[in-house]
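Have a look at the structure below, then the notes.
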Amino acid sequence: EAQVTQNPRYLITVTGKKLTVTCSQNMNHEYMSWYRQDPGLGLRQIYYSMNVEVTDKGDVPEGYKVSRKEKRNFPLILESPSPNQTSLYFCASSLGGGRTGAGANVLTFGAGSRLTVL
Amino acid sequence: GDSVTQMEGPVTLSEEAFLTINCTYTATGYPSLFWYVQYPGEGLQLLLKATKADDKGSNKGFEATYRKETTSFHLEKGSVQVSDSAVYFCALNQAGTALIFGKGTTLSVSS
Numbered sequence: 001e002a003q004v005t006q007n008p009r010y011l012i013t014v015t016g017k018k019l020t021v022t023c024s025q026n027m028n029h030e031y032m033s034w035y036r037q038d039p040g041l042g043l044r045q046i047y048y049s050m051n052v053e054v055t056d057k058g059d060v061p062e063g064y065k066v067s068r069k070e071k072r073n074f075p076l077i078l079e080s081p082s083p084n085q086t087s088l089y090f091c092a093s094s095l096g097g098g099r100t101g102a103g104a105n106v107l108t109f110g111a112g113s114r115l116t117v118l
Numbered sequence: 119g120d121s122v123t124q125m126e127g128p129v130t131l132s133e134e135a136f137l138t139i140n141c142t143y144t145a146t147g148y149p150s151l152f153w154y155v156q157y158p159g160e161g162l163q164l165l166l167k168a169t170k171a172d173d174k175g176s177n178k179g180f181e182a183t184y185r186k187e188t189t190s191f192h193l194e195k196g197s198v199q200v201s202d203s204a205v206y207f208c209a210l211n212q213a214g215t216a217l218i219f220g221k222g223t224t225l226s227v228s229s
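So the sequences go chain by chain: L and G.
In terms of this note's numbering, the first sequence opens at residue 1 and continues consecutively.
In terms of this note's numbering, the second sequence opens at residue 119 and continues consecutively.
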């Protein structure tokens, strides 16, 4: 089944304790992205990657890191989490990556990772 | 920059009522337009899309028409069901750029 898999789905951690949220897709998509979803703010993009070894900042990158060493994986790293990073996080992927046409840019989302930082 | 504005929710309807969720956009070029739906506890999934002016996207009884003259992409359904209760996101995309989402509209349908 074509899907985007995120782990963990739920995590409670404490301020300053490094954590990684993994994201993997099995569709050979070039484009991958991380969003956070907060009440009243909708989805905001954190980082995205157009292809392997190519990453760029989205709208709210502060406090996050990403890497794209392989096409299928795009982990989100919080080096020193803070309470304002408590949120629902989504990984998404698409064929996209500079291609024209709506079909290429349809995003497939993971089920979400709910992170609480105390 | 490009942006999407959706009507604020929540929208509360009875089963079989008519639904409209308004969406307008601002964009410099000719974007593609999308509606995504997020059911409780799940990630977003594509509901429908339109790639050019006057295109109508449709799926699961939902429709939206790309209106360039009014820069709108309103979502409609003639008869909603309880199972349609979800958060709906309007979004736009220019070729080669990131998808831009509206803030989402929560729909609650009661029987």
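Each residue gets a CB set at the ideal place from its N, CA and C atoms; glycine is no exception.
Being a predicted model, the structure only gives us computed values, none of them experimental.
Contact with chain G by ALA111 of chain L, beta-carbon distance below 8 Å: As a working mapping, residue 111 of chain L is identified with position 111 in the first sequence. The beta-carbon of ALA111 of chain L is placed less than 8 Å from the nearest beta-carbon of chain G.
Reduced DSSP secondary structure (H/G/I, E/B, other) of ASN120 of chain L: Only positions 1 to 118 of chain L appear in the structure, and residue 120 of chain L is not among them; the question remains open.
Under 7 Å (Cβ pairs) to chain L, residues found in the region 150–182 of chain G: Result list: SER150, GLU160, GLY161, LEU162, GLN163, LEU164, LYS167, THR169.
Contact the region 133–143 of chain G vs the region 49–59 of chain L: 3+ CB pairs below 8 Å: Judged by Cβ distances under 8 Å, the region 133–143 of chain G makes no contact with the region 49–59 of chain L, as fewer than three pairs qualify.
Segment contact, 8 Å Cβ cut-off, at least three pairs: the region 22–32 of chain L with the region 69–78 of chain L: Cβ pair count under 8 Å is three or more, so yes.
Proximity to ARG68 of chain L [Cα-Cα], best of L:GLY96, L:VAL14, L:GLU30: Within the first sequence, the letter at position 68 stands for residue 68 of chain L. Of L:GLY96, L:VAL14, L:GLU30, the residue nearest in Cα terms is L:GLU30.
Selected residue, minimal CA-CA separation from TYR184 of chain G, among G:THR223, G:THR130, G:LEU151, G:GLU134: Walking along the second sequence from the start, residue 184 of chain G turns up at place 66. Closest option to TYR184 of chain G, Cα to Cα, is G:LEU151.
Contact check, THR116 of chain L vs SER93 of chain L, beta carbons under 8 Å: As a working mapping, residue 116 of chain L is identified with position 116 in the first sequence. As a working mapping, residue 93 of chain L is identified with position 93 in the first sequence. No, the pair does not count as a contact, with Cβ atoms beyond the cut-off.
Segments of 3+ residues assigned as beta strand (DSSP E) that fall wholly inside the region 39–89 of chain L: Correct list: 42–51, 54–57, 76–78.
Closest by C-alpha distance to THR146 of chain G, when choosing among G:GLN212, G:GLY159, G:SER197: Indexing the second sequence from 1 puts residue 146 of chain G at position 28. It is G:GLN212 whose Cα lies nearest to the Cα of THR146 of chain G.
Residue(s) in a DSSP beta bridge with THR144 of chain G: Numbered from its first residue, the second sequence carries residue 144 of chain G at position 26. Per DSSP, the beta bridge partners of THR144 of chain G are G:SER121.
Cutoff 8 Å: ASN26 of chain L Cβ touching any chain G Cβ: Stepping through the first sequence from its first residue, residue 26 of chain L is reached at position 26. So, not an interface residue.
Min CB distance VAL106 of chain L to chain G below 8 Å: Position 106 of the first sequence holds residue 106 of chain L. Chain G, which has a Cβ nearer than 8 Å to the Cβ of VAL106 of chain L, makes this yes.
Chain L contact residues for ALA216 of chain G, given Cβ-Cβ distances below 8 Å: Working through the second sequence from its first residue, we reach residue 216 of chain G at position 98. Neighbours of ALA216 of chain G across chain L, judged by C-beta separation under 8 Å: SER33, GLN45, TYR48, GLY58.
With 16 other Cβ atoms within 10 Å as the buried cut-off, status of THR188 of chain G: As a first step, residue 188 of chain G is located in the second sequence; it is residue number 70 there, counting from the start. Under this definition THR188 of chain G is an exposed residue.
Alpha-carbon spacing of ALA171 of chain G relative to PRO81 of chain L, whole angstroms: In the second sequence, residue 171 of chain G corresponds to position 53, counting from 1. In the first sequence, residue 81 of chain L corresponds to position 81, counting from 1. Cα-Cα distance, rounded: 44 Å.
Residues that DSSP places opposite GLN37 of chain L in a beta bridge: One-based indexing of the first sequence puts residue 37 of chain L at position 37. DSSP output for GLN37 of chain L lists L:LEU43, L:LEU88 as bridge partner(s).
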